[in-house]
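Undergrad: Just so we're aligned: the sequence shown equals residues 1 to 210 in UniProt numbering.
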Amino acid sequence: MEELRSTEILDKEIREDARRKAEKILKEAEIDCREIGQKTEARFAEDEQQQKAEYGRRLEEYRYDRRAAVPLEKERRLIAFIDHAVQEALDSWFARAGTEKKLAALRALAERYAPLVPAGNLAAGYRGIPEKDVTALISDVFRSTASVREFSEAEAKQHGFSEGFLLRSEDGSVFCRVTCGELRDEILRNHREELAVRLFGADILTADRT
């Protein structure tokens, strides 16, 4: 029982430490938003090696403390810890990014939809970004005019987003989600491992976890 309490305390301490350090790393990073959806490029500050060493030390302490646990459970907890840190770091970036960076990221996402959207009038509902920027983005990327209106908070929540816009063709044949949530999910789906390496170092993928 005492060992369980000690591991719970360590788990809590590790998660809090990961949150603080991931937030610090992303605060210092310069991220090319236009390529974030494709390459998820990140350039960390000069102390990157020091941060990796610190995370490595904490992970070794975590692994050592969990030696008595069932191997599969230990592996599950370690994966959950890493995944939580990656998602928290990404959420921190989106929370701190300004409108300009978010628009650049949304534009990159919209450009991938453009070949699928037919020419003609479009309808868009937006939330969390200026209407003029939504109108300009649609005009530039889709080469079409759009009927644009702002969703209420309740409407946006009903559609499952808080920042970005939903785009529909006039005939209803095409529907696109150009939202920060969609972009976040795509980054996690395609670049989760890459982000984990950025936070913890390449050893996290090959280290012995038994």
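By construction, the Cβ of each residue, glycine as well, lies at the ideal position given by its N, Cα and C atoms. Just so you know, these numbers come straight off a predicted model, no measurement behind them.
Out of G160, R192 and R198, which one is the CA nearest neighbour of G181?
TA: G160
Undergrad: Would you mind reading off the limits of the alpha helix (DSSP H) that contains R112?
TA: According to the DSSP assignment, R112 belongs to the alpha helix (DSSP H) that extends over T99 to Y113.
Undergrad: With a Cβ-Cβ cutoff of 7 Å, do L195 and A85 count as a contact?
TA: no
Undergrad: Is L116 buried or exposed, if buried means 16 or more other CB atoms sit within 10 Å of its CB?
TA: Exposed.
Undergrad: Determine the DSSP secondary structure at residue 293, reduced to helix, strand or coil.
TA: Nothing about residue 293 can be reported from this structure: the residues present for the chain run from 1 to 210 only.
Undergrad: Would you mind reading off the limits of the alpha helix (DSSP H) that contains G164?
TA: Taken as a continuous stretch (DSSP letters only), G164 belongs to no alpha helix (DSSP H), being part of the beta strand (DSSP E) at G164 to S169.
Undergrad: Per DSSP, which residues does E150 bridge with? Please list them.
TA: Y126
Undergrad: My output table needs one value for V141: the three-state DSSP class, helix, strand or coil.
TA: helix
Undergrad: Buried or exposed: where does E155 fall if 16 or more other Cβ atoms within 10 Å of its Cβ makes it buried?
TA: Residue environment analysis places E155 among the exposed positions, since fewer than 16 neighbouring C-beta atoms fall within 10 angstroms of its C-beta.
Undergrad: Please state whether DSSP places F200 in a helix, a strand or coil.
TA: helix
Undergrad: At a cut-off of 6 Å, is R96 close to the ligand FMN when judged by its beta-carbon and the heavy atoms of the ligand?
TA: Absence of the ligand FMN is noted for the structure shown, with no ligands found whatsoever.
Undergrad: Taking Cβ positions, are R127 and F151 nearer each other than 7 Å?
TA: yes
Undergrad: Would A146 be called buried (16 or more neighbouring beta carbons within 10 Å of its own) or exposed?
TA: buried
Undergrad: Please identify the residue among E60, E61, L106 and T99 whose C-alpha is closest to the C-alpha of D185.
TA: L106
Undergrad: Going by beta carbon distance, what residues of the same chain come within less than 8 Å of G98, once the five residues before and after it are set aside?
TA: none
Undergrad: Considering only the alpha carbon of each residue, which of S144, G164 and K157 lies closest to E170?
TA: S144
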